[in-house]
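**Student:** I have a structure here, written as structure tokens, and I will follow up with some questions on it.
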Amino acid sequence: MTREAIQEAVAQALASVAPEVNAQAIRPDRPLRDQVDLDSMDFLNFVIALHGSLGVDVPEADYTQFTSLRGAVDYLAERLKGRP
Amino acid sequence: MTEFRMPTLGADMEAGTLVEWLKKPGDTVARGDIIAVVDTEKGAIEVEVFNDGVIDRIVAQPGQKVPVGTVLAMIREAAEAPSTVAPAVTPPPPEPVRAPRRAGRASPAARRAAEELHVDLATVEGHGPGGSITIADIERAASLRTPPAAPVARSTGMRAAIGAAMARAKREIPHLYVATTVDLARPLAWLAAENQRRPVTERLLPVALFVKAVGRAVAEVQGIGGFWTDHGFVPGPGVHVGCAISLRDGGLVAPALHDVNTKALDVVGRELMDLVKRARAGALRSSEMSDATITVTNLGDLGVESAYAIIYPPQVAIVAFGRIVERPWVVDGRVEPRSVVTVSVSADHRAVDGRLAGSFLGAIERTLQAPETL
């Protein structure tokens, strides 16, 4: 799976929990929670949406990888390595 | 024959606009069925029926603004003969309707789409089965419309409604406050272990533990869950925990999660997520709007360490959870870093003394220390 496809999936998952957010405007290297109003339930729904679209089950211990958009995409790319 | 009246939709809601009937005269209904949809400042609310029977007659018409307590329809018992003469009911005079409209039939999904896109259903021509309005119809209407309608009205109305209820609470209710800091080492370790072996779709949040613990404590400590009335405190018919939910575009609702004390933690967690989803989509049910016997608010995600909330009348207590923080904590005579949370109870002093509020708080803390029993 290409990095662009992962980025798109992340943007869609984010839009599903925070519809008011313009994914293009998010700085990928800055903390996500500073830019998007996400509570713990929103975040769980975000992770559930990613599980639905990418088939990746993110364990709680790995939530720290999701502090920025870039971190999230890096992490997912690593987990998806080798998958078509 | 029973009068089916506009239910109360919470202390801050006096009326709603009838959007549509989901049942027609002659239809059989069972207690809990959703039979109508009402539009309010807090979103569309699905109105449930309170008893089994057959719809005899529709009294209120779509488009009508209906005050709480107004007769909406007449429901007869299944064995009863249909009425031939109009029964002698005198509904309170309906308030003048600003823009009378008769919305076509639309699925809940289409209604939600209409709400999100600020499309007035009455202006949409339906192309679905039987002329019903589909999501595609809504989207077409939204794309044709110029300029887009501003979503100002609802949040303004909601602010006014919240303001009125909270002003009344502060005016009438002598609040007392008790608070404590609870060591969460055990419950969070248990939760982390649980979540590690669960798929992501079944993971539990700390807030599910909080809500469940409050439900358990309400069942254990008499005199906290219920309502203040002209005759004093009346215990609630069940343990229905109102959950304060902030809406993404501003505003607040506190719908009830029913029978929390008898539901498994998994169920509470799942229903809580569903409740938040529906609150934000504007698809709550009438019973959820009115029958909470206590409320829980959880501002921890906003970085708030402790909060003291205002009671939502006619309830007599509200529990506020702050942020889970790491603090130095004394355990067995030694200082250790521990995850802790500040929990406060605001109680109506007309119904509750400090001692009772304190034992309720103690019951919440004790329950949280035994997460495996939740």
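So the sequences go chain by chain: A and B.
The first sequence runs 111 to 194 under our numbering.
The second sequence runs 1082 to 1455 under our numbering.
Cβ coordinates follow ideal geometry from the N, Cα and C atoms, glycine included.
Quantities reported herein were computed from a predicted structural model and do not represent experimental measurements.
#1: Counting Cβ pairs, one atom from each stretch, are 3 or more of them under 8 Å apart for the segment 1390 to 1401 of chain B and the segment 1359 to 1370 of chain B?
#2: Should the segment 1242 to 1257 of chain B be regarded as contacting the segment 1378 to 1394 of chain B, the criterion being three or more beta carbon pairs within less than 8 Å?
#3: Would the segment 1365 to 1378 of chain B and the segment 1302 to 1320 of chain B be scored as touching if the rule is three or more Cβ pairs under 8 Å?
#4: Are there 16 or more other CB atoms within 10 angstroms of the CB of B/V1412, so buried, or fewer, so exposed?
#5: Pick helix, strand or coil for B/H1208, following the three-state DSSP scheme.
#6: Quick one: does A/D144 have its CB under 8 Å from some CB of chain B?
#7: Would you report the Cα separation of A/I116 and B/V1357, rounded to the nearest angstrom?
#8: Quick check on B/D1120 - is its C-beta less than 8 Å from some C-beta in chain A?
#9: Pairs of beta-carbons, one from the segment 1088 to 1102 of chain B and one from the segment 1130 to 1145 of chain B, closer than 8 Å: are there three or more?
#10: Given this structure, state the Cα-to-Cα distance separating A/V183 from B/Q1277, to the nearest angstrom.
#11: Confirm, please, whether the CB-CB distance from B/R1404 to B/V1385 is below 8 Å.
#12: Would a C-beta distance cut-off of 8 Å place B/I1326 and B/A1337 closer than the cut-off?
#13: Over the uninterrupted alpha helix (DSSP H) stretch that includes B/A1345, give me the two end residues.
#14: Can you tell me whether B/T1448 is buried or exposed, with buried defined as 16 or more other CB within 10 angstroms of its CB?
#15: What separation, rounded to the nearest whole angstrom, lies between the Cα atoms of B/H1208 and B/E1197?
#16: Look up B/G1113 in the DSSP assignment and say whether it is helix, strand or coil.
#17: Mind listing the chain B neighbours of A/L154? Cutoff is C-beta to C-beta under 7 Å, in chain order.
#18: Give the residues of chain A in contact with B/N1276, contact being defined as C-beta atoms less than 9 Å apart.
#19: Looking at the secondary structure, which residues open and close the beta strand (DSSP E) in which B/T1083 lies?
#20: Do A/E130 and B/D1330 have their CB atoms nearer than 8 Å?
#21: Mind pulling the beta strand (DSSP E) runs of 3 or more residues that sit fully within the segment 1389 to 1426 of chain B?
#22: DSSP has B/I1375 in a bridge; who is on the other side?
#23: In angstroms, rounded to a whole number, what distance separates the CA positions of B/V1426 and B/I1305?
#24: Which residues in chain B sit within 7 Å of A/V120, going by Cβ to Cβ distance?
#25: Given a limit of 9 Å on CB to CB distance, which residues of the segment 1378 to 1389 of chain B reach chain A?
#26: Reducing DSSP to helix, strand and coil, say where B/P1229 ends up.
#27: Using the beta-carbon of each residue, which ones in chain A are nearer than 9 Å to B/R1415?
#28: Quick check on B/R1329 - is its C-beta less than 8 Å from some C-beta in chain A?
#29: Rounded to whole angstroms, what is the Cα-Cα separation between A/K191 and A/M111?
**Tutor:** Walking through what the data contain:
#1: no
#2: yes
#3: yes
#4: exposed
#5: coil
#6: no
#7: 27 Å
#8: no
#9: yes
#10: 22 Å
#11: yes
#12: no
#13: No alpha helix (DSSP H) holds B/A1345; DSSP gives it neither H nor E.
#14: buried
#15: 20 Å
#16: coil
#17: R1284, L1286
#18: P169, E170
#19: 1083 to 1086
#20: yes
#21: 1398 to 1402, 1406 to 1412
#22: B/V1322
#23: 10 Å
#24: Those within 7 Å of A/V120 in chain B number zero; the least Cβ separation is about 15 Å.
#25: N1379, G1381, D1382, L1383
#26: Bear in mind that the predicted position of B/P1229 carries a pLDDT of just 41, short of 50, making it unreliable; the figure below should be weighed with that in mind. Looking at B/P1229 - three-state DSSP - the assignment turns out to be coil, as it is neither helix nor strand.
#27: What B/R1415 touches in chain A: nothing, since even the nearest Cβ is about 27 Å away.
#28: yes
#29: 8 Å
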